[in-house]
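> Quick one: the structure is below, and I'll ask about it shortly.
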Amino acid sequence: MDVVQDAYENARFLCDQYYLSSPELIVKQNIPEDDSKIRIVYVPSHLYHILFELFKNSMRAVMEANSLSEQYPPIEVTLVKGREDICVKISDRGGGIPRSQTDQLFNYMFSTAPQPPKSDAHTVPLAGYGYGLPISRLYARYFHGELALMSCEGFGTDCIVYLKALSNEANELLPIFNKASSRYYRTPVQTGDWSNSGTSMGVRPSGAMKPRRHTLSTPSPTISQHAQC
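Encoded structure:
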């Protein structure tokens with residue numbers, strides 16, 4: 001909850017600078033009865049960056065879609081804790097995104113907002129560079145999470161961030177490269193990495209030559225900071 005509030009307040013500050021107003025925030029929590037708050041072992045800066053980018057996108061959409069209204073529809077955040085995942089859903093009523101553009105939303109340099117002018121160096125742009133969503137999804141996938149968008153054109157957009165609820169499952173997914181595996185990774189066969197959750201490491205064709213069996217040991221990363229949604 002603390003990270004959600006910090007990301008919203010900073011995004012709201014930028015929105016107030018551009019539009020002289022901003023939508024309110026409504027937070028709903030669905031947590032077990034024995035817990036008063038949702039706690040997760042995570043990197044706070046990663047989670048903050050994801051939420052900050054999503055809040056900026058939602059605020060811009062709400063302000064531009066309701067520019068003639070005296071009151072702006074609020075942004076709703078729903079926090080849900082399950083057995084495997086912790087979900088953070090950000091819902092806005094900013095008019096939605098055309099279905100023809102949904103496949104391009106996670107492409108670098110693509111943005112539904114106009115590119116900000118280069119002459120204005122005194123204000124931070126609210127949107128337009130096309131890096132926010134792709135990098136946010138990489139942060140989510142870094143510890144086996146995910147970022148998904150569902151939009152209804154003419155109404156609004158739902159952004160859902162999936163994070164691992166168990167700390168022992170939120171480990172880094174990085175390629176191993178040392179002397180024992182260098183020959184394996186230098187082959188022309190394409191292998192997956194942590195940026196693409198749809199592929200698995202070390203997938204080879206059935207007829208490919210198998211490397212010798214080695215025992216690989218890599219130090220497991222530890223995360224000393226705790227993020228509190």
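Note that UniProt numbering gives residue 205 to position 205 of the sequence shown, counting from 1, and the numbers run on in steps of one.
C-beta atoms are modelled at their ideal positions from N, C-alpha and C, and glycine is treated no differently.
(1) Taking a contact to mean a Cβ-Cβ separation below 8 Å, would you say GLY94 touches VAL43 in this structure?
(2) Give the DSSP-derived three-state secondary structure of ALA165 in the structure shown.
(3) Nearest-angstrom Cα distance between PHE143 and GLU172?
(4) Can you tell which of LYS164, ARG12, TYR72, LEU51 has its C-alpha closest to the C-alpha of LYS81?
(5) Buried or exposed, going by whether 16 or more other CB atoms sit within 10 Å of the CB of LEU51?
(6) Please report the distance separating the alpha-carbon of GLN29 from that of LYS89.
(7) What residues are listed by DSSP as bridge partners for LEU25?
(8) Report yes if the C-beta distance between LEU105 and LEU149 is below 8 Å; otherwise report no.
(9) May I ask which residues mark the beginning and end of the beta strand (DSSP E) holding LEU147?
(10) From ILE97, GLU9, ALA170, pick the residue whose C-alpha is nearest to that of CYS152; which is it?
(11) Do you know offhand how far SER100's Cα is from PHE13's?
(12) When the Cα atoms are used, what is the spatial distance from CYS159 to GLU169?
(13) In angstroms with no decimal places, state the Cα-to-Cα distance between ASN107 and ARG141.
(14) Ends of the alpha helix (DSSP H) at VAL3?
(15) Check ARG39 in the structure and name its three-state DSSP category.
(16) Cα separation between PRO23 and VAL4?
The short version:
(1) Here residue 94 refers to the residue found at position 94 when the sequence shown is read from its first residue. Here residue 43 refers to the residue found at position 43 when the sequence shown is read from its first residue. The answer is no: Cβ separation not under 8 Å.
(2) Within the sequence shown, residue 165 is the residue found at index 165, counting from 1. Residue state, collapsed to three classes: coil.
(3) Here residue 143 is taken as the residue at index 143 of the sequence shown, counted from 1. Here residue 172 is taken as the residue at index 172 of the sequence shown, counted from 1. Going by the C-alpha atoms only, they are around 5 Å apart.
(4) The residue given as residue 81 occupies position 81 in the sequence shown. Closest by alpha carbon: LYS164.
(5) Locating residue 51 in the sequence shown gives position 51, counting from the first residue. Label assigned to LEU51: buried.
(6) Position 29 of the sequence shown, counted from the start, is the residue given in the question as residue 29. Position 89 of the sequence shown, counted from the start, is the residue given in the question as residue 89. GLN29 and LYS89: Cα-Cα distance of roughly 10 Å.
(7) One-based indexing of the sequence shown puts residue 25 at position 25. Paired residues: ILE75.
(8) The residue you call residue 105 lines up with position 105 of the sequence shown. The residue you call residue 149 lines up with position 149 of the sequence shown. Yes, the pair counts as a contact, with Cβ atoms nearer than the cut-off.
(9) Residue mapping note: residue 147 aligns to position 147 of the sequence shown, counting from 1. Element bounds for LEU147: 146-152.
(10) Here the question's residue 152 lines up with position 152 in the sequence shown. Among ILE97, GLU9, ALA170, the Cα nearest to that of CYS152 belongs to ILE97.
(11) Along the sequence shown, read from residue 1 onward, the residue named residue 100 stands at position 100. Along the sequence shown, read from residue 1 onward, the residue named residue 13 stands at position 13. When rounded, the distance between both Cα atoms is 32 Å.
(12) Numbered from 1 along the sequence shown, position 159 holds the residue referred to as residue 159. Numbered from 1 along the sequence shown, position 169 holds the residue referred to as residue 169. Roughly 23 Å separates the two Cα atoms.
(13) As a first step, residue 107 is located in the sequence shown; it is residue number 107 there, counting from the start. As a first step, residue 141 is located in the sequence shown; it is residue number 141 there, counting from the start. Roughly 16 Å separates the two Cα atoms.
(14) Counting from 1 along the sequence shown, the entry for residue 3 is found at position 3. VAL3 -> alpha helix (DSSP H) spans 2-19.
(15) Along the sequence shown, one-based indexing puts residue 39 at 39. In the structure shown, ARG39 sits in a strand (DSSP, three-state: E or B).
(16) Within the sequence shown, numbered from 1, the residue matching residue 23 stands at position 23. Within the sequence shown, numbered from 1, the residue matching residue 4 stands at position 4. Going from the Cα of PRO23 to the Cα of VAL4 covers about 15 Å.
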